[in-house]
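Student: Numbering (mature numbering (1 follows the signal peptide of the UniProt record, and there is no 0)), first residue to last: -20 to -1, 1 to 154. Glycine is no exception: its CB is placed at the ideal position from the N, C-alpha and C atoms.
1. What residue range is occupied by the uninterrupted alpha helix (DSSP H) comprising residue 82?
2. In this structure, how does DSSP classify residue 62 when only helix, strand and coil are distinguished?
3. Ends of the alpha helix (DSSP H) at residue 26?
4. Could you pull out every unbroken alpha helix (DSSP H) segment of at least 4 residues lying fully inside the region 117 to 141, listed in chain order?
5. Please tell me whether residue 129 has its Cβ less than 8 Å away from any Cβ of chain D.
6. Indicate the three-state DSSP secondary structure (helix, strand or coil) for residue 101 in the structure shown.
7. If you pair each beta-carbon of the region 58 to 70 with each one of the region 21 to 34, do three or more pairs fall below 8 Å?
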């Protein structure tokens, strides 16, 4: 019975301690986000995605011989999709989610180490050059996708042909 008050006090204090620990970790994540200029990187990434989508869809629709009206409808559609992406992936919407992911993934000690690294010259170089590395990597991936596009189209045509053959020879379903 003597331990009951101690246990009750401990049970009342633990959530407060956990909340303080969580708040401390979230503050470290916010500092890391600020140090890495993640908001700017997200904005650049969205801009790059939008430009790549425009380029890809322009290439895909170049041979469609659209009328002026069809082109306008298509351009409006593309602008609408870009706006949906911009709204859904805005920094204001993504920041709380990113903070939660980082807070749940990294310990306080890991965040301290990461922040210490970002304060070094090598860490600053990583931060400064990451957008360039990301852009170059995305360019490489896009090139690879363009290179394999004919193979994917051929595989799709083969699949469609096989399915048509199976459908034409398949017995009628009861």
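Tutor: Once the coordinates are examined:
1. 71 to 85
2. helix
3. 18 to 41
4. none
5. Structure shown: chain D not included; a single protein chain is present.
6. helix
7. yes
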